[in-house]
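Those protein sequences? They're chains W and C, same order as listed. Residue numbering for the first sequence follows our numbering, beginning at 205 and increasing consecutively. Residue numbering for the second sequence follows our numbering, beginning at 764 and increasing consecutively. Note sheet for the following structure.
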Amino acid sequence: MNANEYQGSFLGRISIRRNQVVVMDAIHEQELEDIELFQKHVSDRFSELSSPSDDDAVLSISWLCKLLDVFLCCEAEFEAILLMDRDPYQLSKPPFDRLIPELLDRAVKALDICNAVTNGVESVRHCQKLAEIAISALDQKPIGDGEVKRAKRALSTLMAAINLDDKDGTNAKSTERSWSFGRRSGNKDRVAGQFRSLSWQVAKNWSAAKQIQSTIYNLVAPRGAEASGLPSPIYTMNVIMIFVMWALVAAIPCQERTGLPTHFPVPKQLNWAHSLIGLQEKIADEWKKKEKKGMAGLLDEMQRMEKSAQSLIDFTDSFQFPGDAEKLQEAAGHVAELTEICRIMEQGLTPLQMHIREVFHRIVRSRTEFLDVLEKASLPVI
Amino acid sequence: MDGCQSTEGDLHVVAAAHHIVKALGATKNLTDDLRKILIDLDTHLSMITSNTDSGGGRGFVDVEEQLKQAERKILSWESDPTMIWDSGPREASEYLEAVYEIQTLVDGLRRLSVHENRKQKELLHRATSVLQTAMSRLEEELIHVLVQHRQLFEPKHMSSRSTRRVVVYDDSFVSVDDEPAKETSSRNCPSDEIGEYIVDLVRADVIPDIKSIAKVMFTSNYGPEFCEAFIGVRKEALEQYSAILETEELGIEDVLKMEWTSMSSKMNKWTWSMKIIVQVYLASEKRLCDLVLGDFGSVSSFCFLEISKATILCLLNFGEAIAMGPHQPEKLLRLLDMYETLADLLRDIDTLFSEEASSFVRLQFHVLLERFGVSSIAAFEAFQVAISSNGSLYPFPGGGVHPLNKYVMNYISMLPEYCNTLNLLLKDQHVDVADQVTDPDNGPNLSLSTSCPMSCHLRSITSSLESNLYRKSQLYKDEALQHIFLMNNIHYLVQKVKGSELRLFFGDEWIRKHNGKFQQHANNYERATWSSVICFLKDDNPGSSPVLKSTFKEQCRGFSIAFEEVYKTQTSWCIPDPQLREDLRISTSLKVVLAYRTFLGRNPAHIEDKCVKHTVEHVEKQLLDLFEGSPRSLRNSRRW
């Protein structure tokens, strides 16, 4: 084995050390190959995600589906490396007696995030319904005060939902909701949509941001000898899982996202992590930009919807029958854009939820597998 | 019709028709539909008789007049502080009539919109504006009616239907070596079918009002707004109800971290809430949706799904979290409860969520049911493992019934309740059946036979328990105590089986065999203890001359010492079961007292001797002190 052959590669760094090892462990070598292959696949997949086509802007619905697919692929490979033909006892020794439980803890947190995000998709769906009302109003020819009022009402609710301070989600579940809403005070613009209480289906104190933060906690890249063995793919899988959850939370509205961490402690020199880190930084930048004003998430379609909706609200505000031809044309354009977005949502939101559900089930299953293996390893001799 | 010149004759026909329509329109008791048709016709006829001049003609004057009237009606309410539907049915129906008028006008005007008619466009614009105002108002009215007339039924009221409560062992398995805590809490029996029990979630007499609002909104293509408002109100009502039932929203992480007592009560609550929410609340909600929206095709089931989704998924999520948890044996009963609850509800769920769009709900239920099954089996197996691996360092003082025994037997005596479920789940599970019994008495009910899966597993459990108890008995140095211990414990085992439904699963032969076992231990005890004592009283030379005094003295002394020793030791031993205690005393007494009496009787000359420490009666009496559980020692008393 010529050390020069692998100069500069991951394998190259350890081959020098390996020459010092007297006994060549064939199995160990196979394992190293598998690990390397795994990390190459990770790198490739994230590289692909980084250069999306027009249809798949980063953080669009279809991109998120792709991201979730990447997760599933990586997870499957990871599980194979860790568990196939593995002596259970090996996984109960240090450092795995710490690494595996940590991984499983993160997995549980990921499950709660999956639930929160699935709920968040519901609120996106709600926005879609509101947008559709506006569209059906403004599609009428000719547009009159009636249609404009109708559209405005729907769009105002939509914007209110988008700009909902995440905290309000918890208050929406008050048992004593007053329904009088100043009915007779002439506030005709009270919109129906506010009646839709957004119950987040998670505990009141639960915070997506905190959850993400706690998954990042204690995430330390393996060093030294550990970096060349199983701890490495474990770390990789941790990072992937955290990234996927983080991206979902950034994209989709869910409870309490203020304070979402924007920095991941992933060392830049890890080969496989380049694309992932690139993506992460890009998304983090967007997040920081938009964080100040409340927003419903970085989901590409929601961003576009917000823009169009705002434009249309401006249009409705300044509308006077029979309407300015140029403005009408412009509005029609926005309506077309909104229609397209709704179409994408109509087609894509359910599959997205199904993807998330699949990830959920996979994490549950995988966790069970790991627990079974650990149990076997620790079974006392009676 | 558009654009064609009407001839004189045609105009007459139209005028006549118009006249008829107006006359008909004035009659009372017109249904909404008929009225609408007439208004429609009226408008059309008005337009036909209009001039084709631009700038509007006579026909449009009619239309404008109609518009004005309806507009007046609708706009007059805008400044009115009261709700229309609070002001009586006449007001409401008048309002609706006005809306229908506007709607028809809008429809009609739109159809004619091919003409670039300024007047017409103005009217259309005005009409749509009024329509929007009306729709907006109707939305608020709808919400008002729904909120004002909702009805919440008391969950306690429902629970009174489930009167049979079964006590459940709530202990964590780890507390076995301590005093077993009191049996606490209770559970709903799955056989307590609440059944589908429909209530009126909104007062029945306002349903027609809601329907009429629905109709007019849907006809005006404002269906989406109706649904938004309706779903919003109903969803909140359901959430309020969930809050009353105290169904919490817990994260999976929180559930996994929960300690047992808390988890146990939440599992219990879940079981109860699920039944009520699915069989009563959701069934009623579905009916409400059907009543209100049944005329609009799939809208009804869409609204129902939107209303119920979040709550149902929240409940399912808790179930998932429980199923994911560690498989502790103490969870078994609760898991079985949850399993059975879900199994019972499957049919209801399949009915409530029967559409394609809601198939994911059904799917999740089925998946969760499976998971509960897997978890139950795992908990059951953990139970068995825990029994086998429950080790003791020190012998159990007094030789009484070991807490492990009590825990296990009390626990499994609850299992016959779940016999059907357990048989289903354990069907394919392998079991080492140590105690193969062939019960000839296999009645027609196979599930109660002693060879059903549950029976096999139960016998395997008691077999493990016995092995464990045997190992524990080996910790005693005193062989006699070993036997007392085993006698006590196997007796307890048998009593528990005989005294509960377990006897149906263990069968008579098993009971017979184990009766024999503890009896055997009783015999062994006697032999171990008393043989050596009675040995002193033996007559080496039967039939020969009376024994020497010295020999007699020795024998007497030996017997006394041995007896006192036994007394000292064995009064602190314990036989908890009074009947067993009595039986053993009697049996012992017969042997010992008889031997002693015979011994004394053989040597009448020496009875007066002071070496005879105890009378026969005395011995008899002392024997009654044995196995009381508190140590005593004999004072020498010369009682004659």
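Glycine included, each C-beta is placed from N, C-alpha and C at the ideal position.
Residue-chain proximity (residue i, chain W), Cβ-Cβ < 7 Å
{"i": "residue 818 of chain C", "result": "Residue placement at residue 818 of chain C cannot be trusted, given a pLDDT of 42 that sits under 50; what the coordinates show is reported in the next sentence. No - not a single Cβ of chain W is within 7 Å of the one on residue 818 of chain C."}
{"i": "residue 1162 of chain C", "result": "no"}
{"i": "residue 782 of chain C", "result": "no"}
{"i": "residue 1253 of chain C", "result": "no"}
{"i": "residue 895 of chain C", "result": "yes"}
{"i": "residue 765 of chain C", "result": "In this predicted model, residue 765 of chain C has a pLDDT of only 46, less than 50, meaning its place in the structure is not dependable enough to derive any value."}
{"i": "residue 1016 of chain C", "result": "yes"}
{"i": "residue 1092 of chain C", "result": "no"}
{"i": "residue 1165 of chain C", "result": "no"}
{"i": "residue 891 of chain C", "result": "yes"}
Buried versus exposed call for residue i [16 or more other C-beta atoms within 10 Å across all chains shown]
{"i": "residue 1349 of chain C", "result": "exposed"}
{"i": "residue 463 of chain W", "result": "exposed"}
{"i": "residue 1318 of chain C", "result": "buried"}
{"i": "residue 424 of chain W", "result": "exposed"}
{"i": "residue 467 of chain W", "result": "exposed"}
{"i": "residue 927 of chain C", "result": "Note that residue 927 of chain C scores a pLDDT of 31, beneath 50, so its modelled location is shaky and nothing firm can be said."}
{"i": "residue 1333 of chain C", "result": "buried"}
{"i": "residue 573 of chain W", "result": "exposed"}
{"i": "residue 535 of chain W", "result": "buried"}
{"i": "residue 1133 of chain C", "result": "exposed"}
{"i": "residue 1190 of chain C", "result": "exposed"}
{"i": "residue 435 of chain W", "result": "buried"}
{"i": "residue 557 of chain W", "result": "buried"}
{"i": "residue 506 of chain W", "result": "buried"}
{"i": "residue 1038 of chain C", "result": "buried"}
{"i": "residue 1084 of chain C", "result": "buried"}
{"i": "residue 288 of chain W", "result": "exposed"}
{"i": "residue 1384 of chain C", "result": "exposed"}
From the options, residue whose alpha carbon lies closest to that of residue i
{"i": "residue 321 of chain W", "options": "W/450, W/245, W/435", "result": "W/450"}
{"i": "residue 1080 of chain C", "options": "W/255, W/290, W/546, W/564", "result": "W/564"}
{"i": "residue 985 of chain C", "options": "W/485, W/510, W/340, W/433", "result": "W/340"}
{"i": "residue 995 of chain C", "options": "C/1183, C/895, C/903", "result": "C/903"}
{"i": "residue 1232 of chain C", "options": "C/1270, C/1281, C/1266, C/1271", "result": "C/1281"}
{"i": "residue 1019 of chain C", "options": "C/1087, C/975, C/989", "result": "C/1087"}
{"i": "residue 1129 of chain C", "options": "C/1145, C/1110, C/1236", "result": "C/1110"}
{"i": "residue 533 of chain W", "options": "W/237, W/241, W/268, W/342", "result": "W/342"}
{"i": "residue 1167 of chain C", "options": "C/1252, C/987, C/1052, C/783", "result": "C/1252"}
{"i": "residue 540 of chain W", "options": "W/512, W/526, W/507", "result": "W/512"}
{"i": "residue 829 of chain C", "options": "C/864, C/847, C/804", "result": "C/864"}
{"i": "residue 325 of chain W", "options": "W/550, W/578, W/581, W/568", "result": "W/550"}
{"i": "residue 781 of chain C", "options": "C/801, C/795, C/1279", "result": "C/801"}
{"i": "residue 316 of chain W", "options": "W/567, W/580, W/579", "result": "W/567"}
{"i": "residue 1024 of chain C", "options": "C/1094, C/1327, C/1146", "result": "C/1094"}
Cβ of residue i within 7 Å of any chain C Cβ
{"i": "residue 253 of chain W", "result": "no"}
{"i": "residue 450 of chain W", "result": "no"}
{"i": "residue 316 of chain W", "result": "yes"}
{"i": "residue 350 of chain W", "result": "yes"}
{"i": "residue 563 of chain W", "result": "no"}
{"i": "residue 574 of chain W", "result": "no"}
{"i": "residue 396 of chain W", "result": "Caution is warranted here: a pLDDT of 40 is assigned to residue 396 of chain W, below 50, making its placement in the model unreliable, and the coordinate value is therefore given only provisionally. So, interface residue."}
{"i": "residue 453 of chain W", "result": "no"}
{"i": "residue 580 of chain W", "result": "no"}
Cβ separation of residue i and residue j, assumed to be a contact under 8 Å, to the nearest whole Å
{"i": "residue 279 of chain W", "j": "residue 570 of chain W", "result": "6 Å"}
{"i": "residue 1386 of chain C", "j": "residue 1351 of chain C", "result": "6 Å"}
{"i": "residue 867 of chain C", "j": "residue 806 of chain C", "result": "6 Å"}
{"i": "residue 997 of chain C", "j": "residue 1048 of chain C", "result": "7 Å"}
{"i": "residue 977 of chain C", "j": "residue 1056 of chain C", "result": "6 Å"}
{"i": "residue 285 of chain W", "j": "residue 248 of chain W", "result": "About 17 Å separates the two Cβ atoms, so there is no contact after all."}
Heavy atom of the ligand ADP within 6 Å of residue i beta-carbon
{"i": "residue 267 of chain W", "result": "Annotation note on the ligand ADP: not contained in the displayed structure, which lists no ligands."}
At least 3 beta-carbon pairs within less than 8 Å: the region 1217-1235 of chain C vs the region 1143-1154 of chain C:
A contact is defined here as three or more CB-CB pairs under 8 Å, and the region 1217-1235 of chain C meets this definition with respect to the region 1143-1154 of chain C.
Flag this pair as touching only if the region 1161-1175 of chain C and the region 1103-1117 of chain C have three or more C-beta atom pairs under 8 Å; answer yes or no.
Contact between the region 1161-1175 of chain C and the region 1103-1117 of chain C is absent, because fewer than three Cβ pairs lie under 8 Å.
Is there contact here, the region 1269-1286 of chain C with the region 1326-1341 of chain C, by at least three beta-carbon pairs under 8 Å?
Segment contact: the region 1269-1286 of chain C against the region 1326-1341 of chain C, fewer than three CB-CB distances shorter than 8 Å; contact not assigned.
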